[in-house]
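Single-structure report; data block below.
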Amino acid sequence: SYFGGECTAMSISQCLLGACPAGRLPTSWPKCLAEASSEAARASKVDRPGDVEYHEGLHLGYRNGDLDPAFPFGHGLSYTSFEHSDLQVELKATMATVTLQVKNVGAVAGAEVVQLY
Numbered sequence: 004s005y006f007g008g009e010c011t012a013m014s015i016s017q018c019l020l021g022a023c024p025a026g027r028l029p030t031s032w033p034k035c036l037a038e039a040s041s042e043a044a045r046a047s048k049v050d051r052p053g054d055v056e057y058h059e060g061l062h063l064g065y066r067n068g069d070l071d072p073a074f075p076f077g078h079g080l081s082y083t084s085f086e087h088s089d090l091q092v093e094l095k096a097t098m099a100t101v102t103l104q105v106k107n108v109g110a111v112a113g114a115e116v117v118q119l120y
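Each residue of the sequence shown is one higher than the one before, starting from 4 at the first, in our numbering.
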């Protein structure tokens with residue numbers, strides 16, 4: 004139910020009633036609190052109470068390549084397994100079209116969220 008958005012109640016009820024979840028994390032979860040970018044912000048000294056100084060720069064969230072998170076951005080679990088095949092990329096000037104086949108090879112019906120960055 005973390006970061007569920009407007010469909011949180013429906014998603015939780017569907018999982019409780021046997022539906023197979025297909026969501027992905029919108030953030031990375033650190034292995035320990037010391038690796039959380041918010042820890043550096045909380046410890047920073049600022050001129051005015053309530054101000055926060057961010058030290059991460061471009062190394063914010065999933066972009067921080069120095070850390071090995073417990074659960075990375077985009078991580079998700081399912082009650083079934085999927086097979087991805089036949090990846091094709093078509094490049095045209097400033098656009099790319101990517102297609103692939105997704106097959107449920109598990110014993111439970113489910114949906115897969117394919118992500119491309």
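The C-beta atom is built at its ideal place from N, Cα and C for all residues, glycine as well.
- Beta-bridge analysis with DSSP links SER14 to no other residue.
- Taking C-beta atoms under 8 Å as the contact rule, THR30 and PHE76 qualify, at a distance of about 6 Å.
- Counted as a single uninterrupted DSSP element, the beta strand (DSSP E) harbouring GLU86 occupies residues 85 to 95.
- A direct Cα-to-Cα measurement between VAL105 and ASP50 gives close to 53 Å.
- For THR30, no beta strand (DSSP E) segment is defined, and its DSSP state is neither H nor E.
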